Structure formats: structure tokens, C-alpha cells
Amino acid sequence: MTYPEVVPKLWNETIEAHRHAVRDAIVHTTAALVSAYGLASVTMSRIAEETGIGRATLYKYFPDVEAILVDWHERHVAAHLEQLAAARDQAADASDRLPAVLNAYALISHERSREHHGTDLAALVHRDEHLAGAQRRLSDFLRDLLVESAQAGHVRRDVEPDELASYCLHALSAAGGMPSGAAVRRLVAVTLAGLRPSH
Numbered sequence: 000m001t002y003p004e005v006v007p008k009l010w011n012e013t014i015e016a017h018r019h020a021v022r023d024a025i026v027h028t029t030a031a032l033v034s035a036y037g038l039a040s041v042t043m044s045r046i047a048e049e050t051g052i053g054r055a056t057l058y059k060y061f062p063d064v065e066a067i068l069v070d071w072h073e074r075h076v077a078a079h080l081e082q083l084a085a086a087r088d089q090a091a092d093a094s095d096r097l098p099a100v101l102n103a104y105a106l107i108s109h110e111r112s113r114e115h116h117g118t119d120l121a122a123l124v125h126r127d128e129h130l131a132g133a134q135r136r137l138s139d140f141l142r143d144l145l146v147e148s149a150q151a152g153h154v155r156r157d158v159e160p161d162e163l164a165s166y167c168l169h170a171l172s173a174a175g176g177m178p179s180g181a182a183v184r185r186l187v188a189v190t191l192a193g194l195r196p197s198h
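Residues in the sequence shown are numbered from 0 upward in steps of one, following numbering that gives the first Met the number 0.
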């Protein structure tokens, strides 16, 4: 029997879809288990059992529990960046883009801290090595927006855009501890005030 040299595209897409589905199941199940029972009680065996896949298959996707949770965190960062890009793109004009993005970022920080505050999941993904890449992407996104706003005269030019991006991220990280949406909005207003040109 002879086989075609090229695997049909539909077959490739089916295999890829299956791999994505298995990976998604592993990531979501692991995050749920860690949130419910704590990191110490979640093993690769337990994840395999809960997802209904063999341990050998599980190890083909991830080497350990921490790697699964890093993947989970990366997905959240990507989703948050999409939300920020949507907030930027929905703004009426250039002067509204930065406030829209900072409000969106602060609300994301506020909601995220309520979901995972004090959990093993939060502690694991907020280690420095996991945060570095995520912070860089957020910082780059904000820096580009700040450069645009400075060129339009809405943001001060006496401080480097990278420094202003860092200021925004650090200031708005406090949104996680705010008691209400109104308090978050006030924090954003104070942060924006610090960005305005001094003249």
C-alpha cells in the first residue's frame, strides 16, 4: 500500500485541534486544582486522573506542575494585553486612549487580586522569573502609548517613556488592594495627573 507524501490538511488540523484541546484541559484542570486544594497537594498523577489522560501523555505536554501553571499565567497575560488593546482601539480619539488603557489595566488588577488573592496560584505565578516577561510586554505596550500621547502634548516629555510606563504599572498595581471600583477610578485619576505636562 502506498501513502501520500503529504498528510491531508484536514488531518493536520484535526490533530492540532486535539492537541490544543488536551493542552487546554490540562491547564484549566491544574489551575482549578491548585486554587481548590493548594499547590502542595496537586501532583502530575492527580492532574492526569482529573483530565482523563495517561501520565505518559501528560508528560509529553508538560514536565511538571509548575510548567503547567506558567502556561496558565502566560494565557492570562495574553488575554489581558488583548483587553488593553481593545480598550485602546475603542477610544474615541488619541487623548482618550491612555486613560482608557490605564482604567482597563487597573480594573484587571483589581479583579485578578480578588480572584486569586492569597492563593498558592498567585504566589507561584508572581515569582520574579514568571513576572519578568509579562511585565516587559505590558511595559512595552504602555511605553508606545505614552510616546504617542507625549507627541500629542497630553503627557510630559521631561521623563523617559520607559520610566513613565514603570510608574504607571507600579502605581496601578495598588488597584488590587482597593475596596471598590470607585476607589480604583480615583487611583487612575491620580496616576494620570502625574503624567500631565507641567506647563
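We put the beta carbon where it would ideally sit given N, CA and C, even for glycine. Bear in mind the structure is a predicted one, so any value in this text is a computation, not a measurement.
Pairing CB atoms from the region 147-165 with CB atoms from the region 188-198, are three or more of them under 8 Å? Flag = yes, the region 147-165 and the region 188-198 touch.
With 16 other Cβ atoms within 10 Å as the buried cut-off, status of isoleucine 67: Buried, by the Cβ-count rule.
Is the Cβ of aspartate 23 closer than 7 Å to any Cβ of chain D? Checking the listed chains, one finds no chain D in this structure; it contains a single protein chain.
Can you tell me the Cα-Cα spacing of arginine 185 and glutamine 82, whole angstroms? Our two residues, arginine 185 and glutamine 82, have alpha carbons roughly 21 Å apart in a direct line.
Quick one: which unbroken alpha helix (DSSP H) runs of 4-plus residues sit fully inside the region 31-118? Chain order, please. For the region 31-118, whole alpha helix (DSSP H) runs of length 4 or above, ordered along the chain, are 43-50, 54-60, 64-89 and 93-115.
CA-CA distance, aspartate 88 and alanine 181? Aspartate 88 and alanine 181 have their C-alpha atoms roughly 24 Å apart.
Which residue's Cα is closest to the Cα of glycine 176: Leu106, Ala133 and Val158? Out of Leu106, Ala133 and Val158, Leu106 has the C-alpha closest to the C-alpha of glycine 176.
Could you pull out every residue in the same chain whose Cβ sits closer than 7 Å to the Cβ of glycine 117, ignoring the five residues on either side in sequence? Legend: pLDDT at glycine 117 = 46, less than 50; position of this residue unreliable, value from coordinates given subsequently. Short of 7 Å from the beta carbon of glycine 117, and not among the five residues preceding or following it, lies no beta carbon of its own chain.
Taking 7 Å as the cut-off, decide whether the C-beta atoms of leucine 145 and leucine 163 are in contact. Against a cut-off of 7 Å, the Cβ pair of leucine 163 and leucine 145 comes out as a contact.
Can you give the beta carbon distance from alanine 99 to alanine 93, rounded, assuming they're within the 8 Å contact cut? That belief does not hold up - the Cβ atoms of alanine 99 and alanine 93 are roughly 11 Å apart, past 8 Å.
Where alanine 170 and glutamine 150 are concerned, what is the direct C-alpha to C-alpha distance, given to the nearest angstrom? Taken atom to atom, the span from the alpha-carbon of alanine 170 to that of glutamine 150 is near 23 Å.
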